[in-house]
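Heads up: the sequence shown is residues 53 to 264, going by the numbering used here. The beta carbon of each residue, even a glycine, is placed where N, CA and C say it ideally should be. Quantities reported herein were computed from a predicted structural model and do not represent experimental measurements. The block underneath contains the structure these notes are about, expressed in structure tokens.
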Amino acid sequence: MSYIEDVEALFVGIVRRGLALRTADCAIVEDWERRGVPLEVVRRGLENGVKRFLESADPHAPLPSVLKYYRVHVEKEFDASRRALAQGVLPVRPPAPIPPTRDLAAEALALLEARRRQAPSRLLDDAIARIRTTAHGGALVSELAAIDDELARAAIAGSPALVERVNRLVRAAAARGLGNAAVADIRRAETRAAAAELGVPSLVEMLLTSGG
């Protein structure tokens with residue numbers, strides 16, 4: 053499949069509206085292809101656009117069916133992705149190996165150990181042990197993301213209001229026919245955002261903003 057066909061499949065699969073991209077949408081996709089926007093970035097941008105719409109729109113309002121609406125969210129994801137790659141936070145798959153520019157394991161351990169000193173917990177003990185035994189690279193990044201999700205879920209578990217807010221957004225996404233993967237990503241992002249409100253920020257976000 054071509055790049056534009058891949059984006060079209062993502063758009064239709066996530067938004068579940070229409071059968072093909074419009075002419076104006078195709079121009080946007082051609083610009084993304086020219087600039088090298090990865091398909092995974094497009095996917096995350098589309099899902100973020102859906103999430104933002106669900107948070108602010110009337111409960112019965114249909115999802116926007118034009119790619120232009122979601123463009124700003126894809127652009128934000130692309131900017132964030134380039135910053136993360138430059139800092140070594142996201143896995144890179146270049147044609148030849150490149151040396152790591154940061155010791156992410158050490159940085160993540162420092163952040164988690166600081167949390168544990170403030171509020172010891174078995175969950176933090178487990179997270180620290182897992183990072184210490186995980187190799188660098190893609191495996192480490194995947195482990196950090198998994199730990200992020202677990203800490204966020206644990207953080208909001210004691211707040212029925214936040215749990216219900218997350219569930220309400222997920223129900224709204226499912227009711228509009230979004231696919232299972234998109235709904236799961238929306239749940240994950242909203243859970244992390246809710247945890248941050250309780251003073252438990254995303255570990256990955258902290259690594260991104262620290263810049264090493």
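Where residue i sits in the DSSP three-state scheme
i	result
residue 93	helix
residue 228	coil
residue 209	coil
residue 74	coil
residue 243	helix
residue 125	helix
residue 258	helix
6 Å Cβ shell around residue i - same chain, five flanking residues per side excluded
i	result
residue 86	none
residue 81	56 and 59
Closest by C-alpha distance to residue i, when choosing among the options
i	options	result
residue 67	228, 133, 177 and 109	228
residue 112	225, 186, 213 and 164	225
residue 159	183, 127 and 171	183
residue 95	79, 204 and 65	65
residue 89	110, 131 and 109	131
residue 247	103, 232 and 210	210
residue 118	193, 62 and 92	62
Buried/exposed call for residue i, threshold 16 Cβ in 10 Å
i	result
residue 234	buried
residue 155	exposed
residue 251	exposed
residue 169	exposed
Residues near residue i by beta carbon distance below 7 Å, same chain, minus five either side
i	result
residue 237	99
Same chain, Cβ closer than 8 Å to residue i, neighbours up to 5 away in sequence not counted
i	result
residue 200	244, 254, 255 and 256
Stretch pair the region 250-258 + the region 116-134: three plus CB contacts closer than 8 Å: no
The region 167-182 touching the region 210-224, judged by at least three CB pairs closer than 8 Å: no
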